[in-house]
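Novice: Sharing a structure, written as structure tokens. Questions coming.
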């Protein structure tokens, strides 16, 4: 929310070029996808492939569907410059629904045209990468790679190194080779870091009993990352090579630490709802209060409403689905995860963990 506030504000600036702060744009999403890989790896080891995919689908789709429908038919109808009839008859209104399936469309007809940026919900650009990561995990499950951490690290390292090589040797979009253009897009653009982060997050989970919990290593990682931030902005391929291991260690260290959290977050997970509703509500506030030009002030107007919608998403959509899915998505035999992991969990203990 904070990151987007600066780009959406009237007269906002490109924070991606701001000294030191630019690194947050790379690091935040990297940490999110590394954490996703770390947590989902545990689920993948416990569940069959079919139950794993059902589990992921029920976690992602219900709240996403509701948000996309609300944006298309409530927010859009209220904030479009068109009449309601024109808006509802415009094909662009219905093309927006493809966001549900990971086919990104960030605009609605006539919506937010008075804002400095007229996108509705650009945050959703990561959704297709999340889907692709589930396919990667499915492949790891099918071929038994969750028993062999080195074979999870290898494709992540290869992706990072190939991307850097393509940049260093100027093999990019100007190339006449269609294969090189495709590789350049896949290995060097911003989405590449999400795939690298996800795979290294999986590896961190598989090696969780071998990686030391070290204050010194955490401190060194933070100093190294701050040094990169001070040097930049750097290209995504460079960061995929230089920043990946320190960022993954920071993610694992913080996750294993007793970090104080507000009581409201102990049994509630508003993060997905904040991700889904953050930008549309920020855009609404900018449209409703055009004279408020400070990014900080605009954020202050938006945050209470965003939290309310995130609570709505959690309590009325996400949590009820999470309670129901255990009836079928967690009824799975315990997967054989190989000697590199602890002994298999007893079925009754696995069921307790799933609940």
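Numbering (the UniProt record's numbering), first residue to last: 1 to 355.
We treat Cβ as the ideally placed atom computed from N, Cα and C, and that holds for glycine.
All values derive from a computational prediction rather than experimental measurement.
(1) Let me know if residue 101 comes out buried or exposed under the rule of 16 or more other beta-carbons within 10 Å of its beta-carbon.
(2) Among the candidates 152, 112, 274, whose CA atom is the shortest distance from the CA of residue 283?
(3) Using 8 Å for Cβ pairs, my map puts residue 159 next to residue 196. What's the rounded Cβ distance?
(4) With three or more beta-carbon pairs closer than 8 Å as the criterion, would you say the segment 183-194 touches the segment 237-249?
(5) Hey, would you say the C-beta of residue 26 is under 6 Å away from at least one heavy atom of the ligand FMN?
(6) Is residue 152 near residue 199, with beta carbons less than 7 Å apart?
(7) In angstroms, rounded to a whole number, what distance separates the CA positions of residue 324 and residue 314?
(8) Please go through the same chain and pick out, in chain order, the residues whose beta-carbon is closer than 7 Å to the beta-carbon of residue 40, but skip the five residues on each side of it.
(9) Can you tell me the Cβ-Cβ gap for residue 68 and residue 99, rounded? I've got them flagged as a contact below 8 Å.
(10) What is the DSSP secondary structure of residue 236, reduced to helix, strand or coil?
(11) Ordered along the chain, which non-local residues of its own chain (more than five positions away) have a Cβ less than 6 Å from that of residue 321?
(12) Which term fits residue 215, buried or exposed, when burial requires 16 or more other beta carbons within 10 angstroms of its beta carbon?
(13) Have a look at 126, 128, 294, 87 and flag the residue whose alpha-carbon is nearest the alpha-carbon of residue 108.
(14) Could you check which residue in 229, 147, 295 has the C-alpha nearest to that of residue 203?
(15) Might you give, ordered along the chain, the residues of its own chain that have their beta carbon closer than 8 Å to the beta carbon of residue 331, omitting 5 neighbours on each side?
(16) Specify the secondary structure class of residue 5 as computed by DSSP and reduced to three states.
(17) Which one of 296, 145, 91, 7 has the shortest CA to CA distance from residue 206?
(18) If we call anything under 7 Å between Cβ atoms a contact, is residue 188 one with residue 163?
(19) By the DSSP assignment, the alpha helix (DSSP H) with residue 422 in it spans what residues?
(20) Short of 8 Å in beta carbon distance, which residues of its chain neighbour residue 225, apart from the five on each side in sequence? Order them along the chain.
(21) When you compare only the Cα positions, how much space is there between residue 333 and residue 179?
(22) What number of angstroms, rounded off, separates the C-alpha of residue 15 from the C-alpha of residue 92?
(23) What residue does the alpha helix (DSSP H) around residue 86 start on, and which one ends it?
(24) Measure from the alpha carbon of residue 275 to the alpha carbon of each residue in 170, 298, 121, then state which is nearest.
(25) Could you check if residue 227 is buried or exposed, using at least 16 other CB atoms within 10 Å of its CB as the buried criterion?
(26) For residue 134 and residue 37, I'd like the C-alpha separation in whole angstroms.
(27) Excluding sequence positions up to five away, which residues of its chain have a Cβ less than 7 Å from the Cβ of residue 329?
(28) Using beta-carbon positions only, say whether residue 293 and residue 4 come within less than 7 Å of one another.
(29) Note down, one range per segment and in chain order, each alpha helix (DSSP H) of at least 4 residues found wholly within the segment 154-220.
(30) On the three-state DSSP scale, how would you describe residue 241?
(31) Using the Cβ count rule (16 or more neighbours within 10 Å means buried), how would you classify residue 210?
(32) Would residue 170 be called buried (16 or more neighbouring beta carbons within 10 Å of its own) or exposed?
(33) Name the DSSP beta bridge partners of residue 396, please?
(34) Could you tell me the distance, in whole angstroms, from the CA atom of residue 345 to the CA atom of residue 208?
Specialist: Working from what's here:
(1) Taking the first residue of the chain shown as position 1, residue 101 is located at position 101. Label assigned to residue 101: exposed.
(2) If you number the chain shown from 1, residue 283 lands on position 283. Ranking the options by Cα distance to residue 283, first place goes to 112.
(3) Start at 1 with the first residue of the chain shown, and residue 159 comes out as number 159. Start at 1 with the first residue of the chain shown, and residue 196 comes out as number 196. Between the beta-carbon of residue 159 and that of residue 196 there is about 6 Å, and that keeps the pair under the 8 Å contact cut.
(4) yes
(5) The ligand content of the structure shown is nil, which means the ligand FMN is not present either.
(6) Along the chain shown, read from residue 1 onward, the residue named residue 152 stands at position 152. Along the chain shown, read from residue 1 onward, the residue named residue 199 stands at position 199. Yes, they are a contact pair.
(7) Along the chain shown, read from residue 1 onward, the residue named residue 324 stands at position 324. Along the chain shown, read from residue 1 onward, the residue named residue 314 stands at position 314. Going by the C-alpha atoms only, they are around 14 Å apart.
(8) For the purposes of this step, residue 40 is taken as the residue at position 40 of the chain shown. Here the set comprises 137.
(9) Residue 68 sits at position 68 when you count from the first residue of the chain shown. Residue 99 sits at position 99 when you count from the first residue of the chain shown. Indeed, because the Cβ distance is near 5 Å, the residues count as touching under 8 Å.
(10) For the purposes of this step, residue 236 is identified with residue 236 of the chain shown, where counting begins at 1. Looking at residue 236 - three-state DSSP - the assignment turns out to be helix.
(11) Numbered from 1 along the chain shown, position 321 holds the residue referred to as residue 321. So the list reads 58, 62, once near-sequence residues are dropped.
(12) One-based indexing of the chain shown puts residue 215 at position 215. Classification of residue 215: exposed, given that the 10 Å Cβ count is below 16.
(13) Along the chain shown, one-based indexing puts residue 108 at 108. Residue 87 holds the alpha-carbon nearest to the alpha-carbon of residue 108 among 126, 128, 294, 87.
(14) Taking the first residue of the chain shown as 1, we reach residue 203 at position 203. Comparing Cα positions, the closest option is 147.
(15) Numbered from 1 along the chain shown, position 331 holds the residue referred to as residue 331. For residue 331, the predicted structure reports a pLDDT of 45, less than 50, and the residue's modelled location is therefore unreliable. A value from the coordinates is still provided. Only 51 meet the Cβ criterion.
(16) In the chain shown, the residue the question calls residue 5 occupies position 5. Looking at residue 5 - three-state DSSP - the assignment turns out to be helix.
(17) As a first step, residue 206 is located in the chain shown; it is residue number 206 there, counting from the start. The shortest C-alpha separation from residue 206 is found at 145.
(18) Position 188 of the chain shown, counted from the first residue, corresponds to residue 188. Position 163 of the chain shown, counted from the first residue, corresponds to residue 163. Closer than 7 Å, so yes.
(19) Only positions 1 to 355 of the chain appear in this structure, which leaves residue 422 out of reach.
(20) Residue numbering aside, residue 225 sits at position 225 when the chain shown is read from its first letter. Answer for residue 225: 23, 27, 243, 246, 247, 250, listed in chain order.
(21) Against the chain shown, residue 333 aligns to sequence position 333. Against the chain shown, residue 179 aligns to sequence position 179. Any reading at residue 333 is ruled out, since the residue's pLDDT is 43, under 50, leaving its predicted position unreliable.
(22) Sequence index remark: in the chain shown, residue 15 carries index 15 (1-based). Sequence index remark: in the chain shown, residue 92 carries index 92 (1-based). If you draw a straight line from the Cα of residue 15 to the Cα of residue 92, it is about 30 Å long.
(23) For the purposes of this step, residue 86 is taken as the residue at position 86 of the chain shown. Segment 84-89, the alpha helix (DSSP H) holding residue 86.
(24) Position 275 of the chain shown, counted from the start, is the residue given in the question as residue 275. Taking only the C-alpha atoms, the option nearest residue 275 is 121.
(25) For this step, residue 227 is matched to residue 227 along the chain shown. Classification for residue 227: exposed.
(26) What you label residue 134 is simply residue 134 of the chain shown in a count that begins at 1. What you label residue 37 is simply residue 37 of the chain shown in a count that begins at 1. Taking the CA atoms as reference points, residue 134 sits about 9 Å from residue 37.
(27) On the chain shown, position 329 is the one that residue 329 refers to. Because residue 329 carries a pLDDT of 49, less than 50, the predicted location of this residue cannot be relied on, and no value is offered for it.
(28) Position 293 of the chain shown, counting from 1, holds the residue named residue 293. Position 4 of the chain shown, counting from 1, holds the residue named residue 4. Result no, Cβ atoms of residue 293 and residue 4 do not sit closer than 7 Å.
(29) Given a length threshold of 4 residues, each whole run of the alpha helix (DSSP H) inside the segment 154-220 is given here in chain order: 178-188, 192-206.
(30) Residue 241 sits at position 241 when you count from the first residue of the chain shown. Three-state result, residue 241: helix.
(31) In the chain shown, counting from the first residue as 1, residue 210 sits at position 210. By the 16-neighbour rule on beta-carbons within 10 angstroms, residue 210 is exposed.
(32) Numbered from its first residue, the chain shown carries residue 170 at position 170. Exposed.
(33) Only positions 1 to 355 of the chain appear in the structure, and residue 396 is not among them; the question remains open.
(34) Position 345 of the chain shown, counted from the start, is the residue given in the question as residue 345. Position 208 of the chain shown, counted from the start, is the residue given in the question as residue 208. Because residue 345 sits at a pLDDT of 45, beneath the cut-off of 50, its placement in the model cannot be relied upon, and the following sentence gives the value as read from the coordinates. Residue 345 and residue 208: Cα-Cα distance of roughly 16 Å.
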